[in-house]
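**Student:** So the sequence shown is residues 417 to 830, counted in my numbering.
Think of the CB as a built atom: it goes at the ideal place given N, C-alpha and C, for glycine as much as any other residue.
No experiment lies behind these values; they were computed from the predicted model shown.
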Amino acid sequence: MTNPIANADQFAAEAEVRAMWDDAATRAARDHCAQLWRVGHGGDVPPEVEPLFDAAMDAWIGNYLFKAAARDPVRPRFVRNFMPGHGWNGAVVPDARMGGDNPDNCYRLAGIAHGGRYRITGRVIDACPAHVSFTLVENWGTSMTVQAVELPGIDMTQDGRFTITIDDQPANGRRNHMTTNPRVKFLFVRDSMMDWERETPLALEIERIDAAGAQHFSFEQRLDEALRRAREEVPLYFWFFRLSAARPANSMPQPVRTASVGGLVTQASSIGRLRLEEDQAAIIRFDPAGAAYSSLQLAMWWYRSIDAHLLQSGLSAAQSARDADGLITAVVSARDPGVANWVQTDGLRDLLPMIRWQGLPETQQGAGPVHWLDILPFDRLDAHLPAGIVRTNRQQREDQLRARRAAWSRRISV
Numbered sequence: 417m418t419n420p421i422a423n424a425d426q427f428a429a430e431a432e433v434r435a436m437w438d439d440a441a442t443r444a445a446r447d448h449c450a451q452l453w454r455v456g457h458g459g460d461v462p463p464e465v466e467p468l469f470d471a472a473m474d475a476w477i478g479n480y481l482f483k484a485a486a487r488d489p490v491r492p493r494f495v496r497n498f499m500p501g502h503g504w505n506g507a508v509v510p511d512a513r514m515g516g517d518n519p520d521n522c523y524r525l526a527g528i529a530h531g532g533r534y535r536i537t538g539r540v541i542d543a544c545p546a547h548v549s550f551t552l553v554e555n556w557g558t559s560m561t562v563q564a565v566e567l568p569g570i571d572m573t574q575d576g577r578f579t580i581t582i583d584d585q586p587a588n589g590r591r592n593h594m595t596t597n598p599r600v601k602f603l604f605v606r607d608s609m610m611d612w613e614r615e616t617p618l619a620l621e622i623e624r625i626d627a628a629g630a631q632h633f634s635f636e637q638r639l640d641e642a643l644r645r646a647r648e649e650v651p652l653y654f655w656f657f658r659l660s661a662a663r664p665a666n667s668m669p670q671p672v673r674t675a676s677v678g679g680l681v682t683q684a685s686s687i688g689r690l691r692l693e694e695d696q697a698a699i700i701r702f703d704p705a706g707a708a709y710s711s712l713q714l715a716m717w718w719y720r721s722i723d724a725h726l727l728q729s730g731l732s733a734a735q736s737a738r739d740a741d742g743l744i745t746a747v748v749s750a751r752d753p754g755v756a757n758w759v760q761t762d763g764l765r766d767l768l769p770m771i772r773w774q775g776l777p778e779t780q781q782g783a784g785p786v787h788w789l790d791i792l793p794f795d796r797l798d799a800h801l802p803a804g805i806v807r808t809n810r811q812q813r814e815d816q817l818r819a820r821r822a823a824w825s826r827r828i829s830v
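So, in structure tokens, the structure goes:
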């Protein structure tokens, strides 16, 4: 495999992020954001997540530092963000998970300015991701969308190459074109990969083709804006967190389209709240509904993913064993239930589940995006699982987790 993320722009951006972390202003902003989050949560914090707070605050700031590294619209570059802390290329990369991140995604950003003219060239490597979206966004946090284009849907050559143009003019017949507005900040790319062993993020390059004489954004300017945005957007993300956490325990409403609240335009999602005791389990069934991409993922109370590179804390449709009727049945529990579709809690009692459907077909398939949730005593699971559900013994589980970790490690191969 060729890893398209292992490139000079990414390594330079990561070096900038490490330098930003060494700045006293970054440490001060991190502590201020932690204070703001504490005020928001008050006493409403499950005791088992208290030891995870500091790491979550580090990742909160880390995420904005990666956005700072991507921010320059005069010398744009794609920068991967939202990754767990890891080591590659002989260096340590800080954690940047936040905002209900999806571990199936490779998230990349590039700075865009209204009035600029940009060209993105891309190509498919190995197996194409199940769904890819290119979104012009107005803010640093959630995706306030200006315009989006998606794959499937982008015109490309037979060998998987394509070009996207961006400027401040309407398409006027141009294919694969996006139009900015005066508030645009970034091009936000999500490669959603259902099969980690095969699918690879697109190879992407971006260039500004009218940059002569334009003044680029300095390191200091980008860092200053990032730290300001990190403070300002705590209330926004606390509101998103409360969309799940304010629900009654062990509830999960049916899906809604997410564009109205800052999600991906063609996405439907269902977000809920679980509170599971050691002797309880949740059975979650959902219909993939013909979506290009669908998955069930767990987030922790601090609204970030649960070490999905180490644990099976979520499952895409491709990673899941299907029932005879085409639905997916997953069991969420602290203990191994002996079924293939086990979603691990990592011992956490309070959980924020999300089911995502992306690239939904224009014509609804079956019941469409829908799910069912049941909370049961762990020792009564078998009586409520579908006949023929795929079982897993201890050795098979070890093999399953080993394969998952190996597949994830493709993302940090150099």
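Could you pull the start and end residues of the alpha helix (DSSP H) that residue 449 belongs to?
**Tutor:** By 1-based counting over the sequence shown, the position of residue 449 is 33. Residues 440–457.
**Student:** Expressed to the nearest angstrom, what Euclidean distance is found between the alpha-carbon atoms of residue 823 and residue 726?
**Tutor:** Position 407 of the sequence shown, counted from the first residue, corresponds to residue 823. Position 310 of the sequence shown, counted from the first residue, corresponds to residue 726. Cα to Cα, the separation comes out at about 11 Å.
**Student:** Taking the alpha-carbon positions, what's the residue 613 to residue 815 distance?
**Tutor:** Looking up residue 613 in the sequence shown gives position 197. Looking up residue 815 in the sequence shown gives position 399. C-alpha separation (whole angstroms): 14 Å.
**Student:** Rounded to a whole number of angstroms, what is the C-alpha to C-alpha distance between residue 582 and residue 492?
**Tutor:** Along the sequence shown, read from residue 1 onward, the residue named residue 582 stands at position 166. Along the sequence shown, read from residue 1 onward, the residue named residue 492 stands at position 76. Approximately 12 Å between the Cα atoms of the pair.
**Student:** If we ignore side chains and look at the alpha-carbon of each, how far apart do residue 798 and residue 667 end up?
**Tutor:** Taking the sequence shown and counting its residues from 1, one reaches residue 798 at position 382. Taking the sequence shown and counting its residues from 1, one reaches residue 667 at position 251. Each residue's Cα considered, the two are about 21 Å apart.
**Student:** Please check the pair residue 618 and residue 539, which I expect to be a contact at CB under 8 Å, by giving their CB distance rounded to whole angstroms.
**Tutor:** On the sequence shown, residue 618 is found 202 positions in, with the first residue counted as 1. On the sequence shown, residue 539 is found 123 positions in, with the first residue counted as 1. With 8 Å as the limit, residue 618 and residue 539 qualify as a contact, their Cβ atoms being about 7 Å apart.
**Student:** Closer than 8 Å by C-beta to residue 528: which residues in its own chain qualify, once you throw out the five before and the five after it? Chain order, please.
**Tutor:** Translated into the one-based positions of the sequence shown, residue 528 becomes position 112. Excluding sequence neighbours, residue 528 sits near 489, 492, 534, 552, 582, 596, 600, 601, 602, 603.
**Student:** DSSP state of residue 753, grouped into three classes?
**Tutor:** Position 337 of the sequence shown, counted from the first residue, corresponds to residue 753. In this structure, residue 753 counts as coil in the three-state DSSP scheme.
**Student:** If distances are taken between C-alpha atoms only, which option among 542, 562, 651 comes closest to residue 593?
**Tutor:** Position 177 of the sequence shown holds residue 593. It is 562 whose Cα lies nearest to the Cα of residue 593.
**Student:** State the DSSP-derived secondary structure class of residue 605, mapped to helix, strand or coil.
**Tutor:** Along the sequence shown, one-based indexing puts residue 605 at 189. Three-state DSSP puts residue 605 in a strand.
**Student:** Would you identify the three-state DSSP class for residue 475, choosing helix, strand or coil?
**Tutor:** For this step, residue 475 is matched to residue 59 along the sequence shown. Helix, per DSSP.
**Student:** Classify residue 748 as buried or exposed, calling it buried when 16 or more other Cβ atoms lie within 10 Å of its own Cβ.
**Tutor:** Your numbering for residue 748 matches position 332 in the sequence shown. The residue in question, residue 748, is buried, as its Cβ has 16 or more Cβ neighbours within 10 Å.
**Student:** Return the chain-ordered list of same chain residues with a C-beta closer than 6 Å to the C-beta of residue 430, the five sequence neighbours on each side being excluded.
**Tutor:** For this step, residue 430 is matched to residue 14 along the sequence shown. Contacts found: 509.
**Student:** Nearest to residue 501 by alpha carbon, out of 494, 519, 484?
**Tutor:** Position 85 of the sequence shown, counted from the start, is the residue given in the question as residue 501. Of the candidates 494, 519, 484, the one whose C-alpha sits nearest the C-alpha of residue 501 is 519.
**Student:** Since residue 909 contacts residue 462 with CB under 8 Å, what's their CB separation in whole angstroms?
**Tutor:** This structure cannot settle anything about residue 909, because the visible part of the chain is limited to 417 through 830.
**Student:** Tell me the residue span of the alpha helix (DSSP H) that contains residue 648.
**Tutor:** Here residue 648 corresponds to residue number 232 of the sequence shown, with the count starting at 1. Residue 648 -> alpha helix (DSSP H) spans 635–648.
**Student:** Any chance the region 450–469 sits against the region 641–651, with 3 or more Cβ pairs inside 8 Å?
**Tutor:** At 8 Å Cβ cutoff, the stretches touch.
**Student:** In the structure shown, what three-state DSSP assignment does residue 481 receive?
**Tutor:** Here the question's residue 481 lines up with position 65 in the sequence shown. The answer is helix: DSSP assigns residue 481 an H, G or I state.
**Student:** So, under 8 Å CB-CB, residue 718 and residue 469 are touching, yes? Tell me the CB distance rounded to an integer number of Å.
**Tutor:** Your numbering for residue 718 matches position 302 in the sequence shown. Your numbering for residue 469 matches position 53 in the sequence shown. With a Cβ gap of about 7 Å, residue 718 and residue 469 count as contacting.
**Student:** Taking the Cβ atom as the reference point for each residue, do residue 759 and residue 806 lie within a distance shorter than 9 Å?
**Tutor:** Your numbering for residue 759 matches position 343 in the sequence shown. Your numbering for residue 806 matches position 390 in the sequence shown. No, the Cβ-Cβ distance between residue 759 and residue 806 is not below 9 Å.
**Student:** Can you list, in chain order, the residues of its chain whose CB lies under 7 Å from that of residue 436, leaving out five sequence neighbours each side?
**Tutor:** The residue you call residue 436 lines up with position 20 of the sequence shown. Cβ within range, chain order: 442, 481, 484, 639.
**Student:** Can you list, in chain order, the residues of its chain with a C-beta nearer than 8 Å to that of residue 494? Leave out the 5 residues immediately preceding and following it.
**Tutor:** Within the sequence shown, the letter at position 78 stands for residue 494. For residue 494, where only same-chain residues beyond five positions count, the Cβ hits under 8 Å are 425, 426, 486, 524, 525, 526, 605, 620, 621, 622.
**Student:** Give the C-beta separation of residue 456 and residue 715 to the nearest angstrom, bearing in mind that I take them to be a contact with Cβ-Cβ under 8 Å.
**Tutor:** As a working mapping, residue 456 is identified with position 40 in the sequence shown. As a working mapping, residue 715 is identified with position 299 in the sequence shown. With 8 Å as the limit, residue 456 and residue 715 do not qualify as a contact, their Cβ atoms being about 16 Å apart.
**Student:** By how many angstroms is the C-alpha of residue 555 removed from the C-alpha of residue 547?
**Tutor:** In the sequence shown, counting from the first residue as 1, residue 547 sits at position 131. In the sequence shown, counting from the first residue as 1, residue 555 sits at position 139. The alpha-carbon atoms of residue 547 and residue 555 are separated by roughly 23 Å.
**Student:** So, using beta-carbon positions, are residue 769 and residue 700 closer together than 9 Å?
**Tutor:** Along the sequence shown, one-based indexing puts residue 769 at 353. Along the sequence shown, one-based indexing puts residue 700 at 284. Closer than 9 Å, so yes.
**Student:** Using a 10 Å radius around the Cβ and a threshold of 16 neighbouring Cβ atoms, would you call residue 829 buried or exposed?
**Tutor:** Locating residue 829 in the sequence shown gives position 413, where the first residue counts as 1. Exposed.
**Student:** Considering residue 406, what are the terminal residues of the beta strand (DSSP E) in which it resides?
**Tutor:** The shown model of the chain, from 417 to 830, leaves out residue 406, and the question about it has no answer.
**Student:** What number of angstroms, rounded off, separates the C-alpha of residue 659 from the C-alpha of residue 761?
**Tutor:** Residue mapping note: residue 659 aligns to position 243 of the sequence shown, counting from 1. Residue mapping note: residue 761 aligns to position 345 of the sequence shown, counting from 1. The alpha-carbon atoms of residue 659 and residue 761 are separated by roughly 20 Å.
**Student:** Within 8 Å, do at least three Cβ pairs link the region 689–699 to the region 735–743?
**Tutor:** Contact between the region 735–743 and the region 689–699 is absent, because fewer than three Cβ pairs lie under 8 Å.
**Student:** Return the bridge partner residues of residue 595 from the DSSP annotation.
**Tutor:** Along the sequence shown, one-based indexing puts residue 595 at 179. 583.
**Student:** Pick helix, strand or coil for residue 621, following the three-state DSSP scheme.
**Tutor:** Here residue 621 corresponds to residue number 205 of the sequence shown, with the count starting at 1. In this structure, residue 621 counts as strand in the three-state DSSP scheme.
**Student:** To the nearest angstrom, how far is it from the Cα of residue 608 to the Cα of residue 731?
**Tutor:** For the purposes of this step, residue 608 is identified with residue 192 of the sequence shown, where counting begins at 1. For the purposes of this step, residue 731 is identified with residue 315 of the sequence shown, where counting begins at 1. In a straight line, the C-alpha of residue 608 is about 13 Å away from that of residue 731.
**Student:** Mind checking residue 476: buried by the 16 CB within 10 Å criterion, or exposed?
**Tutor:** Position 60 of the sequence shown, counting from 1, holds the residue named residue 476. So residue 476 ends up on the buried side.
**Student:** Would residue 686 be called buried (16 or more neighbouring beta carbons within 10 Å of its own) or exposed?
**Tutor:** Here residue 686 refers to the residue found at position 270 when the sequence shown is read from its first residue. So residue 686 ends up on the buried side.
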